[in-house]
Amino acid sequence: MAIREKIKQLLGAEAAPRRARRKKEAAPQQAARDMIPEIERLLDSLTRLSAEKRTILSGRLNMVGLQRIRAMIGDDWPRVAARAQDIALRAIQRSCGSDDIYSRYDELAFIIVFGSLTPEQAQLRCHEISEEIGRKLLGDRFSADACEVSTAVVESDGSLLFSASSKADLLDRLLQQGEADDAPAAEPDKADEAELVFPTMDAAEALASISIRYRPMWNARHKAIANYLALPEASIYGRVQSDGMLRIEYDSILTPVEFDSHVARSALAAFGPAIAQGQRVLMSWPVHFETLATRKSRQEYLEVYRTVPDAMRQLLILELEGLPEGVPQSRLLDVTTAIRPVCRRFVFRVAPEFRNFGALAGMGTDGVGLNLAGSPADDTRRIATLNAFAAEAAKVRLRCYVHGLSSRAQALAALVAGFEWIDGEAVEKALDLPGSMMRFDLDDLYRAV
Numbered sequence: 159m160a161i162r163e164k165i166k167q168l169l170g171a172e173a174a175p176r177r178a179r180r181k182k183e184a185a186p187q188q189a190a191r192d193m194i195p196e197i198e199r200l201l202d203s204l205t206r207l208s209a210e211k212r213t214i215l216s217g218r219l220n221m222v223g224l225q226r227i228r229a230m231i232g233d234d235w236p237r238v239a240a241r242a243q244d245i246a247l248r249a250i251q252r253s254c255g256s257d258d259i260y261s262r263y264d265e266l267a268f269i270i271v272f273g274s275l276t277p278e279q280a281q282l283r284c285h286e287i288s289e290e291i292g293r294k295l296l297g298d299r300f301s302a303d304a305c306e307v308s309t310a311v312v313e314s315d316g317s318l319l320f321s322a323s324s325k326a327d328l329l330d331r332l333l334q335q336g337e338a339d340d341a342p343a344a345e346p347d348k349a350d351e352a353e354l355v356f357p358t359m360d361a362a363e364a365l366a367s368i369s370i371r372y373r374p375m376w377n378a379r380h381k382a383i384a385n386y387l388a389l390p391e392a393s394i395y396g397r398v399q400s401d402g403m404l405r406i407e408y409d410s411i412l413t414p415v416e417f418d419s420h421v422a423r424s425a426l427a428a429f430g431p432a433i434a435q436g437q438r439v440l441m442s443w444p445v446h447f448e449t450l451a452t453r454k455s456r457q458e459y460l461e462v463y464r465t466v467p468d469a470m471r472q473l474l475i476l477e478l479e480g481l482p483e484g485v486p487q488s489r490l491l492d493v494t495t496a497i498r499p500v501c502r503r504f505v506f507r508v509a510p511e512f513r514n515f516g517a518l519a520g521m522g523t524d525g526v527g528l529n530l531a532g533s534p535a536d537d538t539r540r541i542a543t544l545n546a547f548a549a550e551a552a553k554v555r556l557r558c559y560v561h562g563l564s565s566r567a568q569a570l571a572a573l574v575a576g577f578e579w580i581d582g583e584a585v586e587k588a589l590d591l592p593g594s595m596m597r598f599d600l601d602d603l604y605r606a607v
């Protein structure tokens with residue numbers, strides 16, 4: 159049987175139960191008919207591709223699904239369905255090259271064929287795509303359970319069957335292959351590092367894989383969302399931590415100043431149109447202390463702001479991250495003096511266990527904060543962290559902010575502890591573009607969660 163006919167057989171077998179499960183939804187047959195042109199184009203593309211790559215199907219034809227994500231979002235799904243489709247398509251498009259093809263299979267699934275990857279690489283690439291989609295739609299609620307990838311395998315009778323693909327099993331196989339080839343053994347928790355299966359990126363490719371989202375921050379004292387925090391996110395080649403800082407995957411590719419400059423340029427471009435139209439909304443993004451610590455990298459970074467209008471500078475809050483314990487006061491003074499002309503104010507993001515607040519009190523900073531997005535989401539532990547942090551900062555009269563709160567209990571605890579700025583899923587989800595200033599009070603907080 160021709161490959162085209164096999165795929166038709168596969169699609170026919172899969173489409174029936176999917177439609178049956180949704181027959182109570184509005185116009186499912188019409189929706190299915192709307193998919194036919196896309197599926198036909200996929201079949202035509204597969205026919206052309208398979209003429210050059212005869213073994214492409216087994217393990218390379220994969221399906222990325224959104225059903226689990228829809229279940230986790232629940233009743234809000236109709237409101238975010240269109241955005242979910244757009245996020246999924248963008249993630250897939252960024253991952254596909256000229257040898258690859260993809261198509262929407264139905265409202266909750268996409269088929270992807272990677273023409274130049276091994277079956278294991280193709281499957282791992284799909285898992286990374288699924289993770290990117292899940293993180294963007296679910297935010298701090300994301301877990302591995304949200305990922306849904308299936309792989310077409312060739313049965314002994316020549317038929318094709320989709321079976322669920324497990325990332326853990328896949329990584330085990332990759333590690334076993336590496337050991338068989340006398341490759342250096344990888345730690346289990348590092349098995350998904352990009353260099354395990356993908357070619358090394360250059361700096362341009364690494365920067366292209368980074369996108370920016372914007373998290374609304376609540377000013378509790380003024381009862382308003384008046385600031386949007388630019389959060390870098392990265393696609394399949396690596397990841398940026400949930401706090402938006404450079405992670406080890408990029409260390410050998412990008413310097414901190416390259417990363418920070420890219421974030422600043424991207425965010426300035428996103429905020430520019432709104433501010434040019436008269437919107438008065440504060441904008442902020444992180445910058446590594448390492449970027450500002452040496453004169454050469456500091457000058458390179460500050461060059462980004464050389465042509466920024468004063469009107470925009472007066473709306474910018476820079477967040478210095480990665481401050482070493484025991485840094486000399488003279489070094490701190492050099493850094494803060496250098497950045498003061500390019501922003502409205504600056505703040506320090508420090509580790510939850512940081513306690514040397516006295517060193518920051520005389521620097522003219524507007525506040526000190528921490529990020530909890532990457533820490534365990536247990537309310538009790540997070541609330542204890544918030545209380546201890548705020549108490550120490552209050553001793554030297556530093557104002558506090560916190561990123562990444564995931565529950566109403568955490569948000570209320572932060573308010574009681576004295577945090578003036580808070581953000582996270584407890585307040586509002588991150589956005590693809592910065593929004594506008596708006597009123598936000600406790601009633602809105604209860605509606606947001």
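For the sequence shown, the numbering used here begins at 159 and goes up steadily by one.
From the three backbone atoms N, C-alpha and C, an ideal C-beta is built for every residue, glycine too.
Exposed or buried, what is residue i when buried is set at 16 or more other beta-carbons lying within 10 Å of its beta-carbon?
| i | result |
| --- | --- |
| S308 | buried |
| T494 | buried |
| M596 | exposed |
| V271 | buried |
| D303 | exposed |
| E363 | exposed |
| D350 | Summary for D350: the model assigns pLDDT 36, below 50, so the residue's position carries little reliability, and this model does not support an answer. |
| D601 | exposed |
| H380 | exposed |
| S261 | buried |
| N514 | exposed |
| A326 | exposed |
| D234 | exposed |
| Q188 | With a pLDDT of only 41 at Q188, under 50, the local geometry of the prediction cannot be trusted, and no value is derived from it. |
| E265 | buried |
| E483 | exposed |
| R471 | exposed |
| G562 | buried |
| D418 | buried |
| A434 | exposed |
| R228 | buried |
| D192 | Low confidence applies here, because D192 scores a pLDDT of 44, under 50, leaving its location unreliable and the question unanswered by this model. |
| A588 | buried |
| P277 | buried |
| R241 | exposed |
Looking only at C-alpha atoms, which of the options sits nearest to residue i?
| i | options | result |
| --- | --- | --- |
| A552 | L563, A519, N529 | A519 |
| T413 | L473, K381, K294, R456 | R456 |
| S564 | G593, G297, P592 | G297 |
| H285 | V222, R605, E550 | V222 |
| Q568 | P444, Q435, V238, Y604 | Y604 |
| T543 | R555, G527, L247 | G527 |
| D244 | A384, I259, G292 | G292 |
| F506 | D468, R241, W443 | W443 |
| R453 | G480, A496, M441 | A496 |
| G593 | E290, L440, F512 | L440 |
| A322 | K294, G273, Q281 | Q281 |
| G273 | D257, E290, Q279, A267 | D257 |
| R283 | P236, S324, F577 | S324 |
| A388 | R373, G516, L570 | R373 |
| Q279 | R371, A575, C254 | C254 |
| R540 | S301, A378, P510, D524 | P510 |
| L365 | A571, E391, L573 | E391 |
| I411 | I368, A575, L450 | I368 |
| N135 | F320, R557, L591 | In the structure as shown, the chain begins at 159 and stops at 607. Residue 135 is therefore absent and cannot be evaluated. |
| A246 | M230, L224, P236, I231 | L224 |
| F300 | L328, M230, V238 | M230 |
Determine which residues share a DSSP beta bridge with residue i and list them.
| i | result |
| --- | --- |
| N545 | DSSP lists no partner for N545. |
| D524 | Note: D524 sits in no beta bridge, so no partner. |
| F577 | C558 |
| I475 | S442, R503 |
| D146 | Since the first residue of the chain shown is 159 and the last is 607, residue 146 is not available in this structure. |
| P534 | In DSSP, P534 forms no bridge with anything. |
| A388 | Y372 |
| L589 | Y372 |
| T309 | N220, S321 |
| N529 | H561 |
| A382 | N377, R597 |
| I497 | Beta-bridge pairing links I497 to no other residue. |
Hey, is residue i close to the ligand SAM, as in C-beta under 7 Å from one of its heavy atoms?
| i | result |
| --- | --- |
| A571 | Among the ligands in the structure shown, none appear at all, so the ligand SAM cannot be discussed. |
Spell out whether any CB of chain D is found under 8 Å from the CB atom of residue i.
| i | result |
| --- | --- |
| D524 | Of the chains in the structure shown, none is chain D; there is only one protein chain. |
Problem - the stretch 581-588 / the stretch 424-444 touching (three or more Cβ pairs under 8 Å) - result: no
Handout entry: Stretch pair the stretch 531-538 + the stretch 490-508: three plus CB contacts closer than 8 Å
Key = no
Handout entry: Any 3 or more C-beta pairs closer than 8 Å across the stretch 456-471 and the stretch 480-490
Key = no
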